[in-house]
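Written below as structure tokens is the structure these notes are about.
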Amino acid sequence: MFRKRRENVAEATLEALKKSLAMIEFNLDGTVIQANANFLALLDYRLDEIVGKDHRMFLDKETAASSDYGMFWDKLRQGQFFAGEFLRFGNNGKRVWLEATYNPVLDSAGKPVKVVKLAADITRKKNEISRLLTMIEGMPVAVMTADPRNDFRIDYMNAASRRTLGPLEQYLPIKAEQLVGASIDVFHKNPSHQRRMLADASRLPHRTKIKLGPETLDLQVSAIMGPDGDYQGPMLTWSVVTGQVNMAAEVTQVVGAMGAAVEEMQRSAAGLGHSADEARQRAATVAAGSEEMTASIQEIAGQVG
Numbered sequence: 001m002f003r004k005r006r007e008n009v010a011e012a013t014l015e016a017l018k019k020s021l022a023m024i025e026f027n028l029d030g031t032v033i034q035a036n037a038n039f040l041a042l043l044d045y046r047l048d049e050i051v052g053k054d055h056r057m058f059l060d061k062e063t064a065a066s067s068d069y070g071m072f073w074d075k076l077r078q079g080q081f082f083a084g085e086f087l088r089f090g091n092n093g094k095r096v097w098l099e100a101t102y103n104p105v106l107d108s109a110g111k112p113v114k115v116v117k118l119a120a121d122i123t124r125k126k127n128e129i130s131r132l133l134t135m136i137e138g139m140p141v142a143v144m145t146a147d148p149r150n151d152f153r154i155d156y157m158n159a160a161s162r163r164t165l166g167p168l169e170q171y172l173p174i175k176a177e178q179l180v181g182a183s184i185d186v187f188h189k190n191p192s193h194q195r196r197m198l199a200d201a202s203r204l205p206h207r208t209k210i211k212l213g214p215e216t217l218d219l220q221v222s223a224i225m226g227p228d229g230d231y232q233g234p235m236l237t238w239s240v241v242t243g244q245v246n247m248a249a250e251v252t253q254v255v256g257a258m259g260a261a262v263e264e265m266q267r268s269a270a271g272l273g274h275s276a277d278e279a280r281q282r283a284a285t286v287a288a289g290s291e292e293m294t295a296s297i298q299e300i301a302g303q304v305g
């Protein structure tokens, strides 16, 4: 009785999945047995167009001919379960991305007898991700991300990062092409402070300048947050600003020199003002003396006359 109940529950569960997911069944040799309406609508096929056909009809030629694909079916025939994201092709070359599971169905002896695939359409999500990645890859700003759950290993660098770091790799412990997969510690002599900052989203965003050999990098770190608000990891954007830093230092030096010159001019002007005052005082004294001398001369002249 309990076995019958379990079978009924399993059948009810499968029927519920059929209503919400795309489903297709295969023989162990990969030929199609049947597919539900969701699968047919998703790939734009009629059932009679795919029954008896090989699973390869949904693949590109390169994938279908690969050794990995052959091993994939070998493992399914051994009863191994597979799950992942798969690119498949429908009628007239329609591209469809599926998040799918390949489930070997076992008989009473535990041997695989067929494979049931359950799938959900994630084409729109994959296209949006591809669009965003294309934008980031083509940005003129260098972008890099690291995974805090995997020893802060760099998991992405865009083209601008690769172009910029290429000429600077002599100042790194590894080549620029080896950075993806390496820890972000390679950019810092004392990485403990850096790790504490990158591990804590509350300390981001953060902006600083770091030295790489003779070059100065302007680095800004932002937090990448998941849809539920959980911290996914840091995104680093940076640029080489050695020229700007040197120019700023030169401007600061010139401004300082100009300030000193202005102070000297002010002191000189004050000195000139003081000298002018003295000259005016001396002239007044001379004028007064001259008047006194003139009066005396006139008085003497009167007496003589």
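So the sequence shown is numbered by full-length UniProt numbering: it starts at 1 and just counts up by one.
We put the CB at the ideal spot given by N, CA and C, even for glycine.
### Counterpart residues of G233 in DSSP-defined beta bridges
I224
### Task
Give me the Cβ distance between T242 and T216, rounded to the nearest whole Å; I'm assuming they're in contact under 8 Å.
5 Å
### Task
Enumerate in chain order the residues of its own chain whose CB-to-CB distance from M225 is below 8 Å, with the five nearest sequence positions on each side excluded.
A201, Y231, Q232
### Task
Would you mind stating whether L198 and S222 have Cβ atoms separated by less than 7 Å?
no
### Message
Assuming I136 and N158 are in contact, meaning their beta carbons sit under 8 Å apart, how far apart are those beta carbons, in whole angstroms?
### Response
5 Å
### Query
What number of angstroms, rounded off, separates the C-alpha of I174 from the C-alpha of L132?
29 Å
### Query
Can you name the start and end residues of the alpha helix (DSSP H) that residue 306 belongs to?
The requested residue 306 does not occur in the structure, where the chain is confined to residues 1 to 305.
### Message
Going by beta-carbon coordinates alone, are M23 and L118 separated by less than 7 Å?
### Response
yes
### Query
What do you get for S192, buried or exposed, if any count of 16 or more other CB atoms within 10 angstroms of its CB means buried?
exposed
### Query
How many angstroms separate the CA atom of Y45 from the CA atom of N38?
10 Å
### Task
Look at A182 and I154 and say whether their C-beta atoms are less than 7 Å apart.
yes
#### Entry: Exposure label - A160; buried when at least 16 CB within 10 Å
buried
### Task
Report all residues from its chain with a CB closer than 8 Å to the CB of V286; omit the five preceding and five following residues, and keep chain order.
Low per-residue confidence applies at V286: pLDDT is 46, beneath 50, and the placement is therefore not dependable enough to give any value.
### Task
Report, in whole angstroms, the separation of the C-beta atoms of G70 and L106, which I expect to be a contact under 8 Å.
Not a contact, Cβ separation roughly 22 Å.
### Query
Which of helix, strand or coil does DSSP assign to I24?
strand
### Task
Check P167 in the structure and name its three-state DSSP category.
helix
### Task
Go to Y69, then tell me how far its alpha helix (DSSP H) extends in each direction, as first and last residue.
67-77
### Task
Taking all protein chains shown into account, decide if Q298 is buried (16 or more other Cβ within 10 angstroms of its Cβ) or exposed.
Confidence is the limiting factor: at Q298 the pLDDT is only 49, short of 50, which leaves the residue's position unreliable, though a coordinate-based value still follows. With fewer than 16 other Cβ atoms within 10 Å, it is exposed.
### Query
CA-CA distance, A100 and K94?
17 Å
### Under the three-state DSSP convention, the category N103 falls into
strand
### Task
Identify whether S202 lies in helix, strand or coil by the three-state DSSP scheme.
helix
### Task
Would you check if there are 3 or more beta carbon pairs closer than 8 Å linking the stretch 53-60 to the stretch 28-35?
yes
#### Entry: Local conformation of F58 per DSSP, three classes
helix
### Query
Using the C-alpha atoms, what's the distance from F26 back to I184?
46 Å
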